[in-house]
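> Once you've had a glance at the structure underneath, I'll fire off some questions.
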Amino acid sequence: MHDMTAEHQLEQVRKDFVANASHELRTPLAIIQGYLENLLDNDLIVEPEMARRFLMIMRKHTDRISHIVEDMLVISRLESGVANTLKIEPFRIRSCVKDVLERLESVIQNQNAEIIVMMPNPDLVMHGDRFYWTQVFFNLVENALKQNPCGGLRVEIGCEEIGQSIRVWVSDNGVGIPDADLPHIFRRFFRVEKHHSQQEIKGTGLGLSIVKRAIEAHAGTIGVTSVPGSETKFLIMMPKESH
Ligand code: ADP
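Below, the structure is given as structure tokens:
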């Protein structure tokens, strides 16, 4: 009985994923189709300025489709035979975080955000797949920046050894996540309703589910707490040498 229930649930998750993915892809596709038809049917190609504007909008929405597809591929890779998906090697957490901050440098500067790195041991080493850890830090820090464009943002990235574990966290003092949404935040395609209108193009809603799957693939756990306006904290616990 138990097995059948688990199987049924898995099937339902798969169906929901396909339904959500199709829905997310359909919107940008419909927009691209609309502009293409307009260009072709009304012969607007001869008006370079308008044609250019239409093409720029189309490019923005093609980028969005690629982003969604890329994220879905990462999730599916993490979900299929995780053992051989990960390339485990030792790396310094500090240098992985440095790479991520370099990639986000222009956003950080534009927003005038304060970034604090709290690593008492700068040589602390993680045994894991650096590619996925880069993605974990990138998604968490980018989220903090993305959700808080209004200035005065402080983001803290930290890690420390505690006994046989490594504790890693990313926290910010931004808008936060309402209590009611916290249990759903790692679900695929989930986005906090009230954050939507702030952004012209929303995220894919896949970032945090990639983060959670990547950490679980490394035998770690992740949780989140949030006091809006004060502290939103993603806390990761990793066994020191699980691999
Ligand atoms: P998205 O692509 O929308 O960023 P995620 O899975 O990364 O998708 O995040 C899901 C939702 O969680 C976001 O849309 C946002 O509403 C909320 N969220 C994530 N991180 C934060 C944060 N640091 N502060 C406030 N809200 C956040």
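First residue of the sequence shown? That's 15 in the working numbering, and the numbers climb one at a time after it.
For glycine and all other residues, C-beta sits at the position ideal for the given N, C-alpha and C.
Run the proximity test for G166: is its beta-carbon closer than 7 Å to any non-hydrogen atom belonging to the ligand ADP?
no
> Mapping the DSSP letters down to three states, classify H141 as helix, strand or coil.
strand
> With a Cβ-Cβ cutoff of 8 Å, do R106 and V139 count as a contact?
Judged by their CB atoms, R106 and V139 are nearer to each other than the 8 Å cut-off.
> Assign G243 to one of two classes, buried (16 or more other C-beta atoms within 10 Å of its C-beta) or exposed (fewer than that).
G243 should be labelled exposed.
> To the nearest angstrom, report how far apart I130 and R117 are at their CA atoms.
In a straight line, the C-alpha of I130 is about 16 Å away from that of R117.
> Given a threshold of 16 other Cβ atoms within 10 Å of its Cβ, counted over all protein chains shown, does H198 qualify as buried or as exposed?
Under this definition H198 is an exposed residue.
> Where does P62 sit, in a helix, a strand or coil, going by DSSP?
helix
> Hey, out of M251, I45 and Y146, whose CA is closest to K101's CA?
Y146
> Under the DSSP definition of a beta bridge, which residues are partnered with E103?
G142
> Do you know how far the Cα of F200 is from the Cα of S36?
19 Å
> What do you get for R78, buried or exposed, if any count of 16 or more other CB atoms within 10 angstroms of its CB means buried?
Per the 10 Å Cβ criterion, buried.
> Which residue comes first and which comes last in the alpha helix (DSSP H) that contains V225?
In this chain, the alpha helix (DSSP H) harbouring V225 covers G221 to A231.
> Any heavy atom of the ligand ADP closer than 7 Å to the beta-carbon of L220?
L220 Cβ: within cutoff of the ligand ADP.
> Have a look at T218 and N52 and give me their C-alpha separation to the nearest angstrom.
Whole-angstrom Cα-Cα distance: 27 Å.
> With DSSP collapsed to three states, give me the class of V111.
helix
> Sort out for me which residues DSSP pairs C164 with in a bridge.
Partner(s): none; C164 has no beta bridge.
> If you pair each beta-carbon of the stretch 228–246 with each one of the stretch 46–64, do three or more pairs fall below 8 Å?
no
> Using CA atoms only, rank isn't needed, just tell me which of K226, G237, Q149 and M252 is closest to E174.
M252
> Between the alpha carbons of H257 and M132, how many angstroms are there, rounded?
Because the pLDDT of H257 is 48, which lies under 50, any placement of that residue in the model is unreliable, and the question is left without a value.
> If you draw a straight line from the C-alpha of G188 to the C-alpha of K29, how long is it?
If I take the Cα positions, the gap works out to 34 Å.
> Ends of the beta strand (DSSP E) at I122?
It is not in any beta strand (DSSP E) - I122 instead sits in the alpha helix (DSSP H) that spans E119 to Q125.
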